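Numbering (our numbering), first residue to last: 1459 to 1580.
These notes are about the structure you will find just below.
Structure follows, in structure tokens:
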């Protein structure tokens, strides 16, 4: 017990949302800080039921340009899904990103064949 230390950075989290053009509830994204990497958990909503999507990083806020896939997923019959990814994400999606800032998006299709962006980081 004497070697235990407080959680420190591991107890911090960072919240953001993704939304599409249509009105509706936004996708909620939480980044759990684990030091050099973050655990990303997204509660994706407002998507087409039983369809393939990709959570990705885009160079532009509008989702244009090449996309770097983070995780592929399929929605449930309600058009929702819980998506998980691990990586140095806060360093690239945060407003205070020290490197070139990137933006989270959800695009139609599987990671190998990403299609149209349907939700963007707000």
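No residue lacks a Cβ here, since even glycine has one placed at the ideal position from N, Cα and C.
All values derive from a computational prediction rather than experimental measurement.
_residue 1580, buried or exposed, once every other Cβ within 10 Å from all chains shown has been counted against 16_ = exposed
*Below 8 Å between beta carbons: does that hold for residue 1489 and residue 1542?*
no
_residue 1476 and residue 1562 - do their beta-carbons sit closer together than 8 Å?_
yes
*Just to confirm, are residue 1528 and residue 1496 a CB contact at a threshold of 8 Å?*
no
*What does residue 1507 pair with, by DSSP beta-bridge criteria?*
Its beta-bridge partners do not exist; DSSP assigns none.
*Name the two residues that bound the continuous beta strand (DSSP E) containing residue 1545.*
1539-1545
*Pull up the distance between the alpha-carbon of residue 1573 and that of residue 1531, whole angstroms please.*
14 Å
*Cutoff 8 Å; reference residue 1521; Cβ partners in own chain excluding five residues on either side*: 1561, 1563, 1565, 1575, 1578
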